[in-house]
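Report on the following structure.
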Amino acid sequence: MSSPVKKPALGGLTVREAMRMQVVGFPGSSSIDTGVRSLIKHKINALLIRDSDESALGVVSKTDVMGAYYASLPIESPLEQIMISPPLFCGPDDSLESALHVMRSRKVYRLYVSGDSSGKAVGILAYPDIVGLLYGYCRSCEQSIVNRRALKLTDDGSLRFRVKEVMTPAVTSFSEDDSLLEIMEGLSVNRFGAVLITDGAGTPSGVISKTDLILAYKHGISADVPARTIVTRAPVRSCDQEDFIEDAIRTMIFSEVHRLFVHRGNPANIVGVFSLSDAARVRSGSCHACVGSRIRIEGPVSS
Amino acid sequence: MFTARDVMTRNFHTLSPDSSVAEAGGAFMKAGEEEQRRIFGMMVTDAEGKLVGMMSMYDILLFIRPKHIQVWGMMDDIDISGLMEEACSRAKSVLVGDIMTTEVITVSPDTAVMVILDLMVKKHIRRVPVVNGEKIEGMVYISDLFHRLVDMLVP
């Protein structure tokens, strides 16, 4: 029997420990085209819109840019036309727990961090930052899969969370013949970041994400074209529902994706989606040893 | 007067904003062979040959750099081949026009060399396109400028 896990309680973590300091911002008069270039170049999901004295006015996320594409807005339009206002803030000394609570209850994927009442953002906190921090703790734990494998210790896996326990057990797919407009409607209704694309035989053939759609917008591709025009025919990035979430999180962080499709048995049989926000629900890590001693796991988000 | 015209190279290569990042990588290598120097930045021109941006080694490195590097920082078993595979698959669908720098500093053939030197130091740039109206005349590289000036220092 291995010894109990010894590490600091994650419950005491604050926003400061997980946040990123680099906030990419633009004046509201900058074009959507400029904004898209920045989203792609910096591999980020949202831009902060600031006024001339650097105060935060609003946020433009990939979802908002996709909305502009859907509405056939000229890509030269100013960002202020599609921004969501005001931005939501948290403080650097707030607990991660409370920040996560705000993100979940307000259904947002990121909070800006403000040091004082000036309205200026000093940092940003999003799901990948939180999951990344938690993963770092898991990684350094003597119970972690990587460390146990390295020491050639056996592990019956009974302590560990598996993907099926935390995934969203539903998947939305579209055919290669469906138009980008239909796909955008599907993404918007289901609040997904990406959908599965299937070929004529119903076999998964690729994925279309919001990033693919905003690139299509930037490349001047009409939103009426069928999905097959832009789908990248790469193998669908998926994991087995029996995989440990520690491994699945690693794959997501590695592959720079926010979700993995989950298969049962074979990769053609997709049964769910495991996203970084699902991973953030397992707040204290990926292993029962850790969770049992501290933090409860929340149920799926009710919408 | 010693101007851009005296230190620029007329032997330059350009990229199209519609090329993929993967194709741009190949163009960097090819231009390097033809210009007989290592190329760390190229001008991006539209169909009419007008300068629309610059693509630098840094832009490509930003693209390859893992996104969640703060998480990887502490790890020593990062599989670089896996990361490169990811970057390669993205490099096919992202275009030069998506990540190039559009705010480009240019000079004219008559700009004084010392003005260019000052620009390069202040703005931390290593190459400056030389344009005459909308026509590209050449490129001033910091290394060429350095060698020309150092030549004069040597007694």
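Each protein sequence line maps, in turn, to chains A and B.
In this text, residue positions in the first sequence follow my numbering: the first is 7, and each later residue adds one.
In this text, residue positions in the second sequence follow my numbering: the first is -18, and each later residue adds one.
A virtual CB, placed ideally from N, CA and C, is assigned to each residue, including glycine.
All figures in this text were calculated on a predicted structure; none of them were measured in a lab.
| Query | Result |
| --- | --- |
| Min CB distance B:L42 to chain A below 8 Å | no |
| Residue-level contact to chain B via CB, A:G212, 8 Å cutoff | no |
| With 16 other Cβ atoms within 10 Å as the buried cut-off, status of B:D40 | buried |
| Buried/exposed call for B:F(-7), threshold 16 Cβ in 10 Å | buried |
| Distance between A:L202 and A:T238 (C-alpha atoms, nearest Å) | 11 Å |
| Where B:I80 meets chain C, residues with beta-carbon distance less than 9 Å | Among the chains of the structure shown, chain C does not appear; the protein chains present are A and B. |
| Simplified DSSP state of B:V111, which is helix, strand or coil | strand |
| heavy atom of the ligand SAM below 7 Å from B:M35 C-beta | Absence of the ligand SAM is noted for the structure shown, with no ligands found whatsoever. |
| Length of the line joining the Cα atoms of A:Q247 and B:S70 | 25 Å |
| 4-residue-minimum alpha helix (DSSP H) runs that sit fully inside the segment 7 to 41 of chain B, ordered along the chain | none |
| Continuous beta strand (DSSP E) assignments of at least 3 residues falling wholly in the segment 119 to 158 of chain A | 129 to 132 |
| Enclosing alpha helix (DSSP H) for A:E6 [first to last residue] | Look at the range of chain A in this structure, 7 to 309, and you will see that residue 6 of chain A is not part of it. |
| C-alpha distance - A:P33 paired with A:G41, whole-angstrom precision | 10 Å |
| Cβ pair B:L43, A:K47 closer than 8 Å | yes |
| For A:V277, three-class secondary structure by DSSP | strand |
| Among A:D205, A:K113, A:L45 and A:V279, nearest to A:H269 - alpha-carbon criterion | A:V279 |
| Proximity test, Cβ basis, 8 Å: A:I259 and chain B | yes |
| Proximal residues of chain A, C-beta to C-beta of B:V75 below 8 Å | I46 and L221 |
| Validate contact between the segment 175 to 193 of chain A and the segment 223 to 237 of chain A using beta carbons, cut 8 Å, 3 pairs | yes |
| Short Cβ contact (8 Å threshold) for B:M36 with B:V25 | yes |
| Counterpart residues of B:M81 in DSSP-defined beta bridges | B:M81 is not bridged to any residue. |
| Beta strand (DSSP E) segments (min. 3 residues) lying fully within the segment 22 to 75 of chain A | 31 to 33, 52 to 56 and 62 to 67 |
| Neighbourhood of A:T20 by C-beta, 8 Å cutoff - its chain only, sequence neighbours within 5 removed | P98, D99, D100, S101 and L102 |
| Cross-strand partners of A:C96 (DSSP beta bridge) | A:V119 |
| Proximal residues of chain B, C-beta to C-beta of A:T238 below 8 Å | S70, K73 and S74 |
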